[in-house]
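Peer 1:
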Amino acid sequence: VMQTTEGCLKDYDSLTPRLPKTGETIHGHKFFIGFGGKGANQCVQAARLGAKTAMVCKVGKDSFGNDYIENFKQNDISTEFTYQTKDAATGTASIIVNKEGQNIIVIVAGANLLLNTEDLREAANAISSAKVMICQLEVTPAISLEALTMAHSSGVKTLFNPAPATADLDPRFYTLSDVFCCNETEAEILTSLAVSSPADAGKAALVLLERGCRVVIITLGAAGCVLLSQAEPVPKYIPTEKVKAVDTTGAGDSFVGALAFYLAYYPNLSLEEMLKRSNFIAAVSVQAAGTQSSYPYKKDLPLDLF
Ligand code: ADP
Numbered sequence: 009v010m011q012t013t014e015g016c017l018k019d020y021d022s023l024t025p026r027l028p029k030t031g032e033t034i035h036g037h038k039f040f041i042g043f044g045g046k047g048a049n050q051c052v053q054a055a056r057l058g059a060k061t062a063m064v065c066k067v068g069k070d071s072f073g074n075d076y077i078e079n080f081k082q083n084d085i086s087t088e089f090t091y092q093t094k095d096a097a098t099g100t101a102s103i104i105v106n107k108e109g110q111n112i113i114v115i116v117a118g119a120n121l122l123l124n125t126e127d128l129r130e131a132a133n134a135i136s137s138a139k140v141m142i143c144q145l146e147v148t149p150a151i152s153l154e155a156l157t158m159a160h161s162s163g164v165k166t167l168f169n170p171a172p173a174t175a176d177l178d179p180r181f182y183t184l185s186d187v188f189c190c191n192e193t194e195a196e197i198l199t200s201l202a203v204s205s206p207a208d209a210g211k212a213a214l215v216l217l218e219r220g221c222r223v224v225i226i227t228l229g230a231a232g233c234v235l236l237s238q239a240e241p242v243p244k245y246i247p248t249e250k251v252k253a254v255d256t257t258g259a260g261d262s263f264v265g266a267l268a269f270y271l272a273y274y275p276n277l278s279l280e281e282m283l284k285r286s287n288f289i290a291a292v293s294v295q296a297a298g299t300q301s302s303y304p305y306k307k308d309l310p311l312d313l314f
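If you want UniProt numbering, it's the position in the sequence shown, counting the first as 1, plus 8.
(1) Quick one: Cα of residue 152 to Cα of residue 172, how far?
(2) Starting from residue 65, follow the alpha helix (DSSP H) in both directions and report where the run begins and ends.
(3) If you draw a straight line from the C-alpha of residue 167 to the C-alpha of residue 71, how long is it?
(4) Check the C-beta distance from residue 130 over to residue 89 and give it rounded, since I have them as a contact under 8 Å.
(5) In the DSSP assignment, find the unbroken alpha helix (DSSP H) run with residue 100 in it and report its ends.
(6) Is residue 260 near residue 236, with beta carbons less than 8 Å apart?
(7) With a floor of 3 residues, list each beta strand (DSSP E) that falls wholly inside the stretch 174–246, ordered by position along the chain.
(8) Does at least one heavy atom of the ligand ADP sit under 7 Å from the Cβ of residue 233?
(9) With DSSP run on the structure shown, which of helix, strand or coil describes residue 312?
(10) Could you give the residue range of the alpha helix (DSSP H) that holds residue 283?
(11) Would you say residue 294 touches the ligand ADP, meaning its beta carbon is less than 7 Å from a heavy atom?
(12) In angstroms, rounded to a whole number, what distance separates the CA positions of residue 35 and residue 22?
(13) Look at residue 283 and residue 246 and say whether their C-beta atoms are less than 8 Å apart.
(14) Does the ligand ADP have a heavy atom nearer than 7 Å to the CB of residue 228?
(15) Quick check on residue 305: buried or exposed, where buried means 16 or more other Cβ atoms within 10 Å of its Cβ?
(16) Taking 8 Å as the threshold, find out whether the stretch 37–44 comes into contact with the stretch 139–153 through three or more Cβ pairs.
(17) If contacts are defined as beta-carbon pairs under 8 Å, then residue 93 and residue 66 qualify, I think. What distance do you get, rounded to the angstrom?
(18) Checking the sheet assignment: what are the DSSP bridge partners for residue 12?
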């Protein structure tokens, strides 16, 4: 079992020629509704690779919440700890994307912020018997910390994705992370260093490693990722496939979900090999439109990834 505690968001995407100005109304040419939220995306990718997963999260007792639970079921994700509340609406993300692929996003976290200590207690047995626990920052930080603490104290491997990142991240997040995985922007926010090359990422990873995590991974979009670990404190650059990107939304979540799958099911692989394979899977996800809709299934991937 692999647990993930985190955000579920119903995504409302409008494709427009450009982003509107304040007070302006413009015409878009396409609208679609999708399932998003980092935790949910990561869990969906891990499940599609064959991981046994559960989502510990909260949605509203509303039609979006029902839809989300149905989406988890369709992806073979356990919803035993997916709670529904009457006290808030299911989280939403309103996304406007221009023709250059740039976006502006408003998230209303709603029910995500109501995930509480009692909910975690209810899931305690499942959490402590999991192989990997993934956490992000789309629920209240105190709950993410509590979930990581529960996992860590039971010897469950913790994979922490500090997203969305804030500069004042509680220092306990570092010491509770077996694997700390973020993208360039998040690394910049957390370290105040500019990160735009593998060499920069190596420097930022060192700063993060020194805060107490065992392994740091910084993803670099089309350039792949950088790995640094306490066991081998020399940055390793792991390039990815050259592909024609159609939509990179959610690539980082595909990567994290894939990494969690390898940590749980192929613990004897080297980290470098796990990252090569996670790069490959995330590179597949950027070649189709949408977020979860672009995540590959095991059956669509080369056999040597398994
Ligand atoms: P995020 O989605 O959080 O911004 P990144 O953009 O760093 O994260 O992407 C995460 C991973 O997805 C990368 O490490 C890489 O493996 C893969 N990826 C992203 N963009 C591309 C691309 N254009 N071509 C190939 N792989 C990509």
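Cβ coordinates follow ideal geometry from the N, Cα and C atoms, glycine included.
Peer 2: To lay it out plainly:
(1) The residue given as residue 152 occupies position 144 in the sequence shown. The residue given as residue 172 occupies position 164 in the sequence shown. Approximately 13 Å, taken between the alpha carbons.
(2) Within the sequence shown, numbered from 1, the residue matching residue 65 stands at position 57. Where residue 65 is concerned, there is no enclosing alpha helix (DSSP H), although the beta strand (DSSP E) it sits in stretches over 61–68.
(3) The residue given as residue 167 occupies position 159 in the sequence shown. The residue given as residue 71 occupies position 63 in the sequence shown. Here the C-alpha atom of residue 167 lies approximately 31 Å from the C-alpha atom of residue 71.
(4) On the sequence shown, residue 130 is found 122 positions in, with the first residue counted as 1. On the sequence shown, residue 89 is found 81 positions in, with the first residue counted as 1. Residue 130 to residue 89, Cβ: 7 Å. Contact.
(5) By 1-based counting over the sequence shown, the position of residue 100 is 92. DSSP places residue 100 in no alpha helix (DSSP H) but in the uninterrupted beta strand (DSSP E) bounded by 100–105.
(6) Here residue 260 refers to the residue found at position 252 when the sequence shown is read from its first residue. Here residue 236 refers to the residue found at position 228 when the sequence shown is read from its first residue. Not closer than 8 Å, so no.
(7) The beta strand (DSSP E) runs of length 3 or more contained entirely in the stretch 174–246 are, from start to end of the chain, 187–191, 223–227, 233–237 and 244–246.
(8) Here residue 233 refers to the residue found at position 225 of the sequence shown. It does: the Cβ of residue 233 is within 7 Å (strictly closer) of some heavy atom of the ligand ADP.
(9) Here residue 312 refers to the residue found at position 304 when the sequence shown is read from its first residue. DSSP places residue 312 in helix when its eight states are reduced to three.
(10) Counted from its first residue, the sequence shown places residue 283 at position 275. First-last of the alpha helix (DSSP H) with residue 283: 279–293.
(11) For the purposes of this step, residue 294 is taken as residue 286 along the sequence shown, with counting starting at 1. Checking every heavy atom of the ligand ADP against the Cβ of residue 294, one is found closer than 7 Å.
(12) By 1-based counting over the sequence shown, the position of residue 35 is 27. By 1-based counting over the sequence shown, the position of residue 22 is 14. Between the alpha carbons of residue 35 and residue 22 lies a gap of roughly 9 Å.
(13) Your numbering for residue 283 matches position 275 in the sequence shown. Your numbering for residue 246 matches position 238 in the sequence shown. Yes, they are a contact pair.
(14) Locating residue 228 in the sequence shown gives position 220, where the first residue counts as 1. Answer for residue 228: yes, Cβ within range of the ligand ADP.
(15) Sequence index remark: in the sequence shown, residue 305 carries index 297 (1-based). Label assigned to residue 305: exposed.
(16) The stretch 37–44 vs the stretch 139–153: no contact.
(17) Mapped onto the sequence shown, residue 93 falls at position 85. Mapped onto the sequence shown, residue 66 falls at position 58. Yes, they are in contact, since the Cβ atoms of residue 93 and residue 66 sit about 6 Å apart, within 8 Å.
(18) Looking up residue 12 in the sequence shown gives position 4. Residue 12 is bridged by DSSP to 63 and 142.
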